[in-house]
């Protein structure tokens, strides 16, 4: 039985051995290593696989073909890194060591759920769950010993009024139920008496203009164009405008033309296979409103996808707008996939990654600096308190006789004065007594003034301490606000440098939930990616969050992500509702107008995509 890391390594090795048509790697030939592409898998009778490969020269141009053995082919890089494989393994399994696939996933791919021979002596299936024989035997022995000694707490709780244990459990020899440690797999969660009142999950809206099986491509293309709008020199547009433009029948719609042109320009600048194909056809590098369909046809010829190549005749005739939404989004999807492989986009991604790392390092540095200052302040306060204690102890030791703090010479002088005073005459003694009485009288007269001064001094000190305390609190409050502002700033900067959009999470049925910052809605994708819906109101999001059960692993993670982004999601949805209300009001105002002064269609807010202008277009 393998750990997660060992299993990921094993899968990686197997993926490296199993080659497929179209894989690009390096081939060994004539004591050299050359880039090549697998064209065909050839089987010989010996049992070893051979591969027909095309050796690639500059700009991936095919120089010659060759037949190579599997050991002569080396990957440029592994098809999937260990991190991706670990994540895939975790999502696909419900138990580790031994690893057990989800039942639905196993049925979907026709994988047997029977136990292997080497595990049958250690495990068995009971109620659809894998049970360890050794652990079960230990639990049974523990329960039997507890019942014999009368000390088992669980056996006492399970005894009836007559003092006899539950007969059904004794007959079946089943171990006692242990308390479940949540979270667990969502499909294993059962209703409990301590569960809160879960609301019914709202049904998502499904009023899309494009067919349901195109929604994934629609979101992917729009998100890519919005995320890399600066690199593409393409002015951003809303998802609704893009959806309406895809469904429109105009063949030279500006939004559609500019989107295709921006993606094609990226491929031309890359000097790759598409650029070479244009050079062979001696086409100009400038794409215009008239010639853009020719460049699209050249791209379709290059990728040679059967479903899309059948659209070339319609496009060449100038009727691009008559294509269905599947074909239009299919072309844009292929353009985006090829654009992602260009050096320009990859360079931008590398820059974003470096910027995110730099921001992360700055955040960590500020956190360490703040922690260091806090430690120094604590040490300083501790030192001051220790100094005060030492001072108080010394004052207590010398408080009974202040003159004891003087040096030895002064004490000696005092002794000599006492001796000389004893030897003096009575006149001197009486004089001293009179002087002492007069001094005591003056001291008694001055005592009230001294006390008043002491009181005022203590009041001033207390007021000063209070002021310093208030100043310190204000400083701490300001510094806390500043730290919060810095955190928000770093969070915003990180979001600006977002590399890709990830789902918020999944529910118990493996439906994925997506949130796009530039749209505001929360999209719901079914587990098989065939059904889509969305939530567009704050009340729907609140109901969704209240329907999630935190005892399940997936729904707890989804709930945490929704709570994390809830302020921003609510703000975007409220803004969207306000814009929608204004849009409806404008549409009603247009409908109320007289037919003689009715505004043309382009002034209708629903047709805003018709007025799209690419303000970042290259000259």
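Numbering (our numbering), first residue to last: 58 to 676.
By construction, the Cβ of each residue, glycine as well, lies at the ideal position given by its N, Cα and C atoms.
On a predicted model such as this, the values are computed, not experimentally measured, just so you know.
- Message: For residue 430 and residue 132, what's the separation of their Cα atoms in angstroms?
- Response: Here the question's residue 430 lines up with position 373 in the chain shown. Here the question's residue 132 lines up with position 75 in the chain shown. Going by the C-alpha atoms only, they are around 51 Å apart.
- Going by beta carbon distance, what residues of the same chain come within less than 8 Å of residue 366, once the five residues before and after it are set aside? Against the chain shown, residue 366 aligns to sequence position 309. Same-chain partners within the cutoff: 357 and 358.
- Return the residue from the list 382, 350 and 241 that minimises the CA-CA distance to residue 369. Here residue 369 refers to the residue found at position 312 when the chain shown is read from its first residue. When C-alpha distances from residue 369 are compared across 382, 350 and 241, the shortest belongs to 350.
- What span of residues does the alpha helix (DSSP H) with residue 73 cover, start to end? On the chain shown, position 16 is the one that residue 73 refers to. Residues 61 to 74.
- Query: Counting Cβ pairs, one atom from each stretch, are 3 or more of them under 8 Å apart for the region 632 to 642 and the region 263 to 274?
  - Reply: no
- Message: What would DSSP say about residue 239, mapped onto helix, strand or coil?
- Response: Position 182 of the chain shown, counted from the start, is the residue given in the question as residue 239. Coil at residue 239, not helix or strand.
- Classification of residue 331 by the beta-carbon crowding that lies within 10 angstroms, buried from 16 upward: For the purposes of this step, residue 331 is identified with residue 274 of the chain shown, where counting begins at 1. The residue is buried, with at least 16 neighbouring Cβ atoms inside 10 Å.
- Message: Rounded to whole angstroms, what is the Cα-Cα separation between residue 591 and residue 601?
- Response: By one-based count along the chain shown, residue 591 stands at place 534. By one-based count along the chain shown, residue 601 stands at place 544. Approximately 12 Å between the Cα atoms of the pair.
- Task: Identify whether residue 594 lies in helix, strand or coil by the three-state DSSP scheme.
- Result: On the chain shown, residue 594 is found 537 positions in, with the first residue counted as 1. Residue 594: coil per DSSP, three-state reduction.
- Task: For residue 335, I'd like the list of residues in its chain whose CB is within less than 8 Å of its CB, leaving aside the five on either flank, ordered along the chain.
- Result: Taking the chain shown and counting its residues from 1, the one referred to as residue 335 is at position 278. Excluding residues within five positions, the ones whose Cβ falls inside 8 Å are 325, 342, 352 and 355.
- Query: Where does residue 372 fall in DSSP's three states?
  - Reply: Numbered from 1 along the chain shown, position 315 holds the residue referred to as residue 372. DSSP places residue 372 in helix when its eight states are reduced to three.
- Task: Would you mind giving the Cβ-Cβ distance between residue 618 and residue 561, rounded to the nearest angstrom? I have them listed as a contact below 8 Å.
- Result: Reading the chain shown from its first residue, position 561 is the one you call residue 618. Reading the chain shown from its first residue, position 504 is the one you call residue 561. About 4 Å separates the two Cβ atoms, so the contact holds.
- Message: Which of the three DSSP states is assigned to residue 123 in this structure?
- Response: Here residue 123 corresponds to residue number 66 of the chain shown, with the count starting at 1. Strand.
- Item | Inside the region 525 to 606 only - beta strand (DSSP E) runs reaching at least 3 residues | 569 to 572, 579 to 582 and 589 to 592
- For residue 580, does the count of other Cβ atoms within 10 angstroms reach 16, so buried, or fall short, so exposed? One-based indexing of the chain shown puts residue 580 at position 523. Looking at its Cβ environment, which holds 16 or more other Cβ atoms inside 10 Å, residue 580 is buried.
- State the start and end residues of the unbroken alpha helix (DSSP H) segment that holds residue 279. The sequence position of residue 279 within the chain shown is 222, counting from 1. Looking at the DSSP string, the run of the alpha helix (DSSP H) that includes residue 279 is 272 to 284.
- Host beta strand (DSSP E) of residue 84 (start-end): The residue given as residue 84 occupies position 27 in the chain shown. That run of the beta strand (DSSP E) goes 81 to 86.
- Message: Tell me the DSSP secondary structure of residue 145 in three-state form.
- Response: Numbered from its first residue, the chain shown carries residue 145 at position 88. Note: residue 145 maps to helix in three-state DSSP.
- Between residue 61 and residue 437, what straight-line distance do the alpha-carbon atoms span, to the nearest angstrom? Residue numbering aside, residue 61 sits at position 4 when the chain shown is read from its first letter. Residue numbering aside, residue 437 sits at position 380 when the chain shown is read from its first letter. In a straight line, the C-alpha of residue 61 is about 48 Å away from that of residue 437.
- Task: Assign residue 671 to buried or exposed, taking buried as 16 or more other Cβ atoms, counted over all protein chains shown, within 10 Å of its Cβ.
- Result: Numbered from its first residue, the chain shown carries residue 671 at position 614. Its Cβ being crowded by 16 or more others within 10 Å, residue 671 is buried.
- Query: What does a CB cutoff of less than 7 Å around residue 168 pick up in its chain, not counting 5 residues either side in sequence?
  - Reply: Residue 168 sits at position 111 when you count from the first residue of the chain shown. Within the same chain, residue 168 has close Cβ partners 158.
- Taking the C-alpha atoms as reference points, what is the distance between residue 631 and residue 577? Along the chain shown, read from residue 1 onward, the residue named residue 631 stands at position 574. Along the chain shown, read from residue 1 onward, the residue named residue 577 stands at position 520. Using only the alpha carbons, I get a separation of about 9 Å.
- Straight-line gap, residue 139 to residue 82 (C-alpha atoms, nearest Å): The residue given as residue 139 occupies position 82 in the chain shown. The residue given as residue 82 occupies position 25 in the chain shown. Cα to Cα, residue 139 sits roughly 19 Å from residue 82.
- Item | Buried versus exposed, by CB contacts within 10 Å (16 or more), residue 170 | Locating residue 170 in the chain shown gives position 113, counting from the first residue. Result: exposed.
- Counterpart residues of residue 93 in DSSP-defined beta bridges: Translated into positions along the chain shown, residue 93 becomes position 36. The partner list for residue 93 (beta bridge, DSSP) reads 82 and 112.
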